[in-house]
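Peer 1: Those sequence lines, one after another, are chains B and U.
Taking full-length UniProt numbering, the leading residue of the first sequence gets 1, the next gets one more, and so forth.
Taking full-length UniProt numbering, the leading residue of the second sequence gets 1, the next gets one more, and so forth.
Virtual Cβ for every residue (Gly too), placed ideally from N, Cα, C.
Protein chains: 2
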Amino acid sequence: MEQSNHAGRLASIVGDANVLTTVEDKAPYLVEWRDLYQGSTPMVLRPGSTEEVSKILKYAYENGLTIVPQGGNTGLVGGQIPTENGGEIVLSLGRMNKVRNIDPVGFTITVESGVVLETLQNEAEKADRLFPLSLGAQGSCQIGGNISTNAGGTAVLAYGNTRDLVLGLEVVLPNGDIWNGLRTLRKDNTGYDLKQLFIGGEGTLGIITAASLKLFPKPKKLEASFVGLPDPHAALKLFSLAKQKAGPVLTGFEIMPRVGVEFCLSHLDGARDPLEAPHNWYVLMELSSGSDAFPVRDLLEEILGEAFEDGLVEDAVLSENLSQVNAFWHIRHGMSEVQKAEGGSIKHDVSVPVAAIADFLDKAISAVSEFVPGCRPVPFGHLGDGNIHFNVSQPVGADKEAYLKNWDAMNEIVHGIVHDFGGSISAEHGIGRLKRDLLKTVKSDTELDLMHRIKDAFDPKGLLNPGRVL
Amino acid sequence: MEQSNHAGRLASIVGDANVLTTVEDKAPYLVEWRDLYQGSTPMVLRPGSTEEVSKILKYAYENGLTIVPQGGNTGLVGGQIPTENGGEIVLSLGRMNKVRNIDPVGFTITVESGVVLETLQNEAEKADRLFPLSLGAQGSCQIGGNISTNAGGTAVLAYGNTRDLVLGLEVVLPNGDIWNGLRTLRKDNTGYDLKQLFIGGEGTLGIITAASLKLFPKPKKLEASFVGLPDPHAALKLFSLAKQKAGPVLTGFEIMPRVGVEFCLSHLDGARDPLEAPHNWYVLMELSSGSDAFPVRDLLEEILGEAFEDGLVEDAVLSENLSQVNAFWHIRHGMSEVQKAEGGSIKHDVSVPVAAIADFLDKAISAVSEFVPGCRPVPFGHLGDGNIHFNVSQPVGADKEAYLKNWDAMNEIVHGIVHDFGGSISAEHGIGRLKRDLLKTVKSDTELDLMHRIKDAFDPKGLLNPGRVL
Chain B
1 MEQSNHAGRL ASIVGDANVL TTVEDKAPYL VEWRDLYQGS TPMVLRPGST
51 EEVSKILKYA YENGLTIVPQ GGNTGLVGGQ IPTENGGEIV LSLGRMNKVR
101 NIDPVGFTIT VESGVVLETL QNEAEKADRL FPLSLGAQGS CQIGGNISTN
151 AGGTAVLAYG NTRDLVLGLE VVLPNGDIWN GLRTLRKDNT GYDLKQLFIG
201 GEGTLGIITA ASLKLFPKPK KLEASFVGLP DPHAALKLFS LAKQKAGPVL
251 TGFEIMPRVG VEFCLSHLDG ARDPLEAPHN WYVLMELSSG SDAFPVRDLL
301 EEILGEAFED GLVEDAVLSE NLSQVNAFWH IRHGMSEVQK AEGGSIKHDV
351 SVPVAAIADF LDKAISAVSE FVPGCRPVPF GHLGDGNIHF NVSQPVGADK
401 EAYLKNWDAM NEIVHGIVHD FGGSISAEHG IGRLKRDLLK TVKSDTELDL
451 MHRIKDAFDP KGLLNPGRVL
Chain U
1 MEQSNHAGRL ASIVGDANVL TTVEDKAPYL VEWRDLYQGS TPMVLRPGST
51 EEVSKILKYA YENGLTIVPQ GGNTGLVGGQ IPTENGGEIV LSLGRMNKVR
101 NIDPVGFTIT VESGVVLETL QNEAEKADRL FPLSLGAQGS CQIGGNISTN
151 AGGTAVLAYG NTRDLVLGLE VVLPNGDIWN GLRTLRKDNT GYDLKQLFIG
201 GEGTLGIITA ASLKLFPKPK KLEASFVGLP DPHAALKLFS LAKQKAGPVL
251 TGFEIMPRVG VEFCLSHLDG ARDPLEAPHN WYVLMELSSG SDAFPVRDLL
301 EEILGEAFED GLVEDAVLSE NLSQVNAFWH IRHGMSEVQK AEGGSIKHDV
351 SVPVAAIADF LDKAISAVSE FVPGCRPVPF GHLGDGNIHF NVSQPVGADK
401 EAYLKNWDAM NEIVHGIVHD FGGSISAEHG IGRLKRDLLK TVKSDTELDL
451 MHRIKDAFDP KGLLNPGRVL
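#1: What three-state label does DSSP hand D188 (chain U) in the structure shown?
#2: On the DSSP letters alone, give me the boundaries of the beta strand (DSSP E) that W281 (chain B) sits inside.
#3: Got a sec, what are the start and stop residues for the beta strand (DSSP E) G144 (chain B) sits in?
#4: Alpha carbon to alpha carbon, how far is E301 (chain U) from G228 (chain U)?
#5: Going along chain U, which residues have a C-beta under 8 Å from N387 (chain B)?
#6: I want to see whether chain B comes within less than 8 Å of M451 (chain U), judged by CB atoms only; does it?
#7: Between R332 (chain B) and the rest of its own chain, which residues show a CB-CB distance below 8 Å, the 5 nearest in sequence each way excluded?
#8: What is the DSSP secondary structure of K440 (chain B), counted as helix, strand or coil?
#9: Quick check: the Cα distance between E276 (chain U) and E447 (chain B), rounded to an integer number of angstroms?
#10: Is the distance from the Cβ of K55 (chain U) to the Cβ of I13 (chain U) below 8 Å?
#11: Put D35 (chain U) into one of helix, strand or coil per three-state DSSP.
#12: Should L304 (chain U) be flagged as near chain B, meaning a C-beta pair shorter than 8 Å?
#13: Kindly say whether P42 (chain U), judged by its beta-carbon, lies nearer than 8 Å to any beta-carbon of chain B.
#14: So with CB distances below 9 Å, who are the chain B contacts of N161 (chain U)?
#15: Can you name, in chain order, every residue of its own chain whose Cβ lies under 7 Å from the Cβ of F328 (chain B), other than the five neighbours on each side?
#16: Among U:I207, U:E306, U:L265, which has the Cα closest to the Cα of S240 (chain U)?
#17: Rank B:T441, B:I431, B:K400, B:I388 by C-alpha distance to the C-alpha of residue 476 (chain U) and give the top, closest one.
#18: Whose C-beta lies closer than 6 Å to the C-beta of P248 (chain U) among residues of the same chain, with five residues either side of it excluded?
#19: Any beta carbon from chain B within less than 8 Å of R100 (chain U)'s own beta carbon?
#20: Compare the C-beta of L132 (chain U) against all C-beta atoms of chain B and say whether one is closer than 8 Å.
#21: Verify the CB distance criterion: does P232 (chain U) have a CB-CB separation below 8 Å to chain B?
#22: Would you give the residue range spanned by the beta strand (DSSP E) that T66 (chain U) belongs to?
#23: Just to make sure I have the definition right: I need the residues of chain U whose C-beta is within less than 8 Å of the C-beta of K243 (chain B). Which are they?
#24: Between the alpha carbons of L215 (chain U) and T108 (chain U), how many angstroms are there, rounded?
#25: Using CA atoms only, rank isn't needed, just tell me which of B:T190, B:G422, B:S212 is closest to I102 (chain B).
#26: For Y61 (chain U), which residues in the same chain have their Cβ closer than 7 Å to its Cβ, ignoring the five residues on either side in sequence?
#27: With a cut-off of 8 Å, do at least 3 Cβ pairs link the region 388-403 of chain B to the region 335-351 of chain B?
#28: Ends of the beta strand (DSSP E) at H382 (chain U)?
#29: Straight-line CA distance for D292 (chain U) to D298 (chain B)?
#30: Contact defined as beta carbons within less than 8 Å: I believe P217 (chain B) pairs with G290 (chain B). What is the distance between those atoms, to the nearest angstrom?
#31: Which value, in whole angstroms, describes the spacing of the CA atoms of E51 (chain U) and I143 (chain U)?
#32: Could you list the residues in the region 110-126 of chain U with a C-beta less than 7 Å from some C-beta on chain B, going in chain order?
#33: Can you list the residues of chain B that G397 (chain U) reaches, using a CB-CB cut of under 8 Å?
#34: Indicate whether the contact test is met: 3 or more Cβ pairs, each with one atom in the region 189-198 of chain U and one in the region 72-90 of chain U, closer than 8 Å.
#35: For a contact defined as C-beta to C-beta under 8 Å, what are the partners of E84 (chain U) on chain B?
#36: Return no unless some Cβ of chain U is closer than 8 Å to the Cβ of D177 (chain B).
This is the structure:
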């Protein structure tokens, strides 16, 4: 059947206005912000309900059409962008943006997958609750995409990854069947935990249409400190000290190098250097408590006092109010985008066991510096989770295209070091299309075989986000 | 091939001493403590290493032998007991009891699956760390079984179910292949999260041989209170108040009825009534913090003070020392076993959304009391998780066998009410053989079909723990 006929049939499901076929209408769905992928598609479908998603997938299943689900289009590994060959239909979840239920007593919220993360945070806040997932793209990413990629972010230390926040899912399967797994139970041991496969499944096993999520008491007290340190070894020791003393009250521990802070000072609106003199490394440490009774400020001062005595810390500033806390986080959250202004950047999203993070940074920094003399490593991120965005900016004045030709070779060097430490080549961004070939090099045949068996069991025709992950 | 020949071949893998074939040697592996199941087996195999487990499963796969994995044999749904037909070989993990590694800085421990839970708790403690999983059977249950059944227990409120404590697994697959997924990473988004299927998989998809687990800061301050209340509605309000004020510092919230406390006073060594007068209902509330800085005692007093003012609480005693905390928990942990001494008991391990727990208890108590006049409901457990062990003891002086004939009919009544509240018929004990038929009545065809597809993909010959779960 011709594409135009498919479009007509699909329009009868979602309505004419929700089948986008012109170049202009489709454009925003076909590129992502790093410009790594540019896709092509016969149409973008924008269903408004679970039933419509079900009917679309049933039609696609019967007619052998491939479908690429897309949320807020903020993914970093190309999973949400159709291929260039023009055969993949984009299914955008953005219109499914209702909050279905919120239960403050049971600390749960049930939302459709197109709800923007920031909206979800705000809905929780209105009910005097916290939805803790927090990341740079929160103003546009959607919760369905967050779940499909098991998003990480800056609150993982205390609250876990997105996976840990999900109580139940509603999913449309590749054949159009709806699985209603929307439970709000804290405990449920009735058979295999199917939702776990869709979480982090990157849309290859089913399309998440709604989710029941955990809420938490809203932090009553929140304090942060911006700390200057000599090196990552001092940062790791500071982390151990803080974790030991604060336990779950330690809700953020992010590391940044001087060069990253300088990039922010040059290119990020409203960024100011929190400390007077420059330091080689920085840590943004946040403590917060859902209880009024906790002396958060005293504890933060105690941790820093001890760290000064131990020679771990060179200088530190404590937040005086919430807007200063936000100013610290502004720098941290801006650290990704400012790299664009400094030319080419070769990216790695890696993790190692927390105890190995300083040794990993030593080795990786020295290896890439040897490989491309003059390159500027900007490794930053979630030290408390062992997760570093090991990004490497081009040497000043170098040719961007020429520099980026080192991408695969530099990846190989860094991932080799990650491997030696028993780490992961994709800590929080997923596999998508970007790391699909890499996956084969880091997983055993046994593990890849199990993944293929699952994919075949769920999507025997291979129509849902094909070529992503596997 | 004759069983004796199989025994010989398998003995060449594990050694003669580790193939048990006499009636006396096999006996402890063939009954469980509730006496609900009595099994038969040609032999019990006791491998000492992952390689031996791998060779056994490979041999079983080639020869079509069915295998029932068994840990500490404390499961409550018959999953670990071979059937009566005598065809299933028991594979006991008890000899695989090594701690492979402990990393206090990274807060992780890697152990073999035969390590007894209490041993694991002690190993963590020696390193000044907490492994929080805690349940009545901890002196004999093994961590491999805990993981395979996604055990719950009394620390779920603050630390989650066993699922939430697992970072990585080593699993022997039904064909004998070893999957090494023993990672200690806090973040890893490289494809489907396979370990989630083995967690709570009840040994039907593979045999867990080792696990990497999360550790936590050891509680520096621990306080508990034994509270007398009029009814579960007051208990739910107390829970909301405590959760709001204490957040993650609220580490235990257990409900018990008067009759259960009376059973303990009659049948449990060393049990004393913590309160002077009797109350219809009790709550054991525990607060603890990994930080010295937290005024845990003050907060507990503040919560109880407010609860008194609101008329939620009739009386309360606060622990004066750790042995008093333990005395409170002694009653709670003893509540399951003491029911044996009071004749027949019909069991339900159910959960509902936390906010619905008081309404559920009202309805279920009145329904079973109408069904069997004079029966004694002893619903107790993890109110903070929405999880109640809804056990119903026989009327005083009734005939035990005759009473137990009501099992299925009473289950149907209680599970119907659970269903109306969107709850689960197996909150933490799993499905095993006991609830296999029930599963078909509470899951959609879509969900059951997905589970079967997974089982077929992992264990196409159906040799591993057949007839459990599905």
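Peer 2: On the basis of the data shown:
#1: Counting from one through the second sequence, the residue named residue 188 (chain U) turns up at place 188. Coil, per DSSP.
#2: Position 281 of the first sequence, counting from 1, holds the residue named residue 281 (chain B). Run containing W281 (chain B): 281-289, per the beta strand (DSSP E) assignment.
#3: Numbered from its first residue, the first sequence carries residue 144 (chain B) at position 144. In the DSSP assignment, G144 (chain B) falls outside any beta strand (DSSP E) and lies within the alpha helix (DSSP H) extending over 143-148.
#4: Numbered from its first residue, the second sequence carries residue 301 (chain U) at position 301. Numbered from its first residue, the second sequence carries residue 228 (chain U) at position 228. Computed Cα separation, rounded: 15 Å.
#5: Here residue 387 (chain B) refers to the residue found at position 387 when the first sequence is read from its first residue. Near N387 (chain B) (Cβ distances below 8 Å), the residues of chain U are R186, K187.
#6: Against the second sequence, residue 451 (chain U) aligns to sequence position 451. Interface residue, yes.
#7: In the first sequence, counting from the first residue as 1, residue 332 (chain B) sits at position 332. T154, E254, M256, L284, F380, listed in sequence order.
#8: For the purposes of this step, residue 440 (chain B) is taken as residue 440 along the first sequence, with counting starting at 1. Collapsing the DSSP output to three states places K440 (chain B) in a helix.
#9: What you label residue 276 (chain U) is simply residue 276 of the second sequence in a count that begins at 1. What you label residue 447 (chain B) is simply residue 447 of the first sequence in a count that begins at 1. The C-alpha of E447 (chain B) is placed about 59 Å away from the C-alpha of E276 (chain U).
#10: The residue labelled residue 55 (chain U) in the question sits at position 55 within the second sequence. The residue labelled residue 13 (chain U) in the question sits at position 13 within the second sequence. Yes, they are a contact pair.
#11: Mapped onto the second sequence, residue 35 (chain U) falls at position 35. D35 (chain U) falls in the coil class under three-state DSSP.
#12: Position 304 of the second sequence holds residue 304 (chain U). It does not: the Cβ of L304 (chain U) has no partner Cβ on chain B nearer than 8 Å.
#13: As a working note, residue 42 (chain U) is residue 42 in the second sequence. Closer than 8 Å: no.
#14: Along the second sequence, one-based indexing puts residue 161 (chain U) at 161. The answer, in chain order, is R186, K187, N189.
#15: For the purposes of this step, residue 328 (chain B) is taken as residue 328 along the first sequence, with counting starting at 1. These residues qualify, in order along the chain: A224, F226, P274, L284, S319.
#16: The count along the second sequence starts at 1 and reaches residue 240 (chain U) at position 240. The candidate whose alpha carbon is nearest that of S240 (chain U) is U:E306.
#17: Because chain U spans 1 through 470 in this model, residue 476 (chain U) falls outside it and cannot be assessed.
#18: Counting from one through the second sequence, the residue named residue 248 (chain U) turns up at place 248. For P248 (chain U), where only same-chain residues beyond five positions count, the Cβ hits under 6 Å are A158.
#19: Counting from one through the second sequence, the residue named residue 100 (chain U) turns up at place 100. Judged by the 8 Å Cβ criterion, R100 (chain U) is not in contact with chain B.
#20: The count along the second sequence starts at 1 and reaches residue 132 (chain U) at position 132. Reading the sequence as shown, one finds Pro at residue 132 (chain U) and not Leu. Output row for P132 (chain U): interface = no.
#21: Stepping through the second sequence from its first residue, residue 232 (chain U) is reached at position 232. With 8 Å as the cut-off, P232 (chain U) does not count as an interface residue toward chain B.
#22: What you label residue 66 (chain U) is simply residue 66 of the second sequence in a count that begins at 1. From DSSP, the beta strand (DSSP E) with T66 (chain U) extends over 66-70.
#23: Here residue 243 (chain B) refers to the residue found at position 243 when the first sequence is read from its first residue. Residues of chain U passing the Cβ test: F107, P217.
#24: By 1-based counting over the second sequence, the position of residue 215 (chain U) is 215. By 1-based counting over the second sequence, the position of residue 108 (chain U) is 108. About 5 Å.
#25: Taking the first residue of the first sequence as position 1, residue 102 (chain B) is located at position 102. Its Cα nearest to that of I102 (chain B), the residue B:S212 stands out among B:T190, B:G422, B:S212.
#26: Taking the first residue of the second sequence as 1, we reach residue 61 (chain U) at position 61. Cβ contact annotation for Y61 (chain U) (same chain, cutoff 7 Å, sequence separation greater than five): P174, N175, G176, K461, L463, in chain order.
#27: The answer is yes - the region 335-351 of chain B touches the region 388-403 of chain B, with three or more Cβ pairs under 8 Å.
#28: On the second sequence, position 382 is the one that residue 382 (chain U) refers to. For H382 (chain U), the enclosing beta strand (DSSP E) has its first and last residue at 376-382.
#29: Here the question's residue 292 (chain U) lines up with position 292 in the second sequence. Here the question's residue 298 (chain B) lines up with position 298 in the first sequence. Annotation: D292 (chain U) to D298 (chain B) spans about 12 Å, alpha carbon to alpha carbon.
#30: Residue numbering aside, residue 217 (chain B) sits at position 217 when the first sequence is read from its first letter. Residue numbering aside, residue 290 (chain B) sits at position 290 when the first sequence is read from its first letter. Separation of the CB atoms of P217 (chain B) and G290 (chain B) is rounded to 3 Å, and the pair is thereby assigned contact status at 8 Å.
#31: Within the second sequence, residue 51 (chain U) is the residue found at index 51, counting from 1. Within the second sequence, residue 143 (chain U) is the residue found at index 143, counting from 1. For E51 (chain U) and I143 (chain U), the distance between alpha carbons rounds to 19 Å.
#32: Under the 7 Å Cβ criterion, the region 110-126 of chain U contributes no residue.
#33: Mapped onto the second sequence, residue 397 (chain U) falls at position 397. Under a criterion of Cβ atoms nearer than 8 Å, no residue of chain B is adjacent to G397 (chain U); the nearest Cβ is some 35 Å distant.
#34: Because the criterion of three Cβ pairs below 8 Å is not met, the region 189-198 of chain U and the region 72-90 of chain U do not touch.
#35: Translated into positions along the second sequence, residue 84 (chain U) becomes position 84. Near E84 (chain U) there are no residues of chain B at all, since even the closest Cβ is about 24 Å away, more than 8 Å.
#36: Locating residue 177 (chain B) in the first sequence gives position 177, counting from the first residue. Answer yes: the Cβ-Cβ gap between D177 (chain B) and chain U drops below 8 Å somewhere.
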